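J.: I am attaching a structure below and will ask some questions about it afterwards.
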Amino acid sequence: MLKTVEPALRALIESDGFAVDGFLCPGHVATVIGAEGFAFLPRDYGLPAVVGGFGTEDILLALYLLLRQLADGTPKLQNAYPRAVSAQGNVLAQQMMARCFEPCGDSWRGLGTIPASGLRLREELRDFDARQRFALSVSSEPAPTACRCGEVICGRLGPEGCPLFGKRCTPEDPVGPCMVSSEGACAAAYKYGVFE
Ligand code: SF4
1 MLKTVEPALR
11 ALIESDGFAV
21 DGFLCPGHVA
31 TVIGAEGFAF
41 LPRDYGLPAV
51 VGGFGTEDIL
61 LALYLLLRQL
71 ADGTPKLQNA
81 YPRAVSAQGN
91 VLAQQMMARC
101 FEPCGDSWRG
111 LGTIPASGLR
121 LREELRDFDA
131 RQRFALSVSS
141 EPAPTACRCG
151 EVICGRLGPE
161 GCPLFGKRCT
171 PEDPVGPCMV
181 SSEGACAAAY
191 KYGVFE
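Numbering-wise, our numbering puts 20 at position 20 of the sequence shown, and it's gapless, one number per residue.
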């Protein structure tokens, strides 16, 4: 199942106890949906949003701009990755996506099922859906564990607050999604010790 970011971010922001001051928006997503794809963050929620790249300087610039917005009290959308991201993104890719896929509810690890946050093949293309074609049954619900990624993602808990952090859960043997990828909060905390 493919996923879309806006419904997930809206669900996250509107969840109980949400405690995030601003968003460093993913440059690779923005290459497709455009920087404007994140305009709802300052417009609807008054939250700073900066599209960032993936190099060290890109991240530093995006973080600087985020902090600048917070210090000045001027939440807005800024694009700190203009060499790859335009305001409107890849319009042809967006058109092709819209032609082939339609929104559907989908499950997010740590957040549960979020309406219209996934994309499935349109009816006329379902023959290409392996689940349907081969009658596969694949559960997208995560297996229950003591992982507290949902709280980490919402900003309610630091990685060190998870009892599994650095013990049962490490980058070499991750339990939850926040430890799986290098940009995950738990993996970053484990590598750099920034939350100690
Ligand atoms: S340390 Fe591991 S188990 Fe705990 S919240 Fe992070 S990813 Fe989940």
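The C-beta atom is built at its ideal place from N, Cα and C for all residues, glycine as well.
Predicted, not measured: the structure shown is a model, and the values here were computed from it.
1. What do you reckon, is the C-beta of residue 40 under 7 Å from a heavy atom of ligand 1?
2. Is residue 164 near ligand 1, with its Cβ less than 7 Å from a heavy atom?
3. Using only the alpha-carbon positions, how far apart do residue 152 and residue 4 sit?
4. With DSSP run on the structure shown, which of helix, strand or coil describes residue 21?
5. Helix, strand or coil for residue 109, going by three-state DSSP, please let me know.
6. Can you tell me whether residue 163 is buried or exposed? The criterion is at least 16 other CB atoms within 10 Å of its CB, across all chains shown.
7. Which first and last residues belong to the beta strand (DSSP E) in which residue 50 is found?
8. Identify, in the order they occur along the chain, each residue of the same chain with its Cβ nearer than 6 Å to the Cβ of residue 196, setting aside the five sequence neighbours on each side.
9. Rank 30, 32, 124 and 25 by C-alpha distance to the C-alpha of residue 49 and give the top, closest one.
10. Would you give the residue range spanned by the beta strand (DSSP E) that residue 67 belongs to?
11. In the DSSP assignment, find the unbroken beta strand (DSSP E) run with residue 164 in it and report its ends.
12. Is the distance from the Cβ of residue 47 to the Cβ of residue 75 below 8 Å?
13. Would you say the beta carbon of residue 20 comes nearer than 7 Å to a heavy atom of ligand 1?
14. At what residues does the alpha helix (DSSP H) containing residue 41 begin and finish?
15. Specify whether the stretch 4 to 18 and the stretch 51 to 60 touch according to this definition: at least 3 beta carbon pairs, one from each stretch, less than 8 Å apart.
16. Tell me, please, which residues DSSP counts as bridged to residue 101.
T.: Judging by the given coordinates:
1. no
2. yes
3. 20 Å
4. The three-state secondary structure of residue 21, taken from DSSP, is coil.
5. coil
6. exposed
7. 49 to 52
8. Note that residue 196 scores a pLDDT of 49, beneath 50, so its modelled location is shaky; the value from the coordinates is reported in the next line. Nothing meets the Cβ criterion.
9. In terms of CA proximity to residue 49, 25 leads the group 30, 32, 124 and 25.
10. Unbroken run through residue 67 is the alpha helix (DSSP H), 56 to 72; no beta strand (DSSP E).
11. Here residue 164 belongs to no beta strand (DSSP E), and DSSP marks it neither H nor E.
12. Yes. Within cutoff.
13. no
14. That run of the alpha helix (DSSP H) goes 40 to 45.
15. no
16. 121
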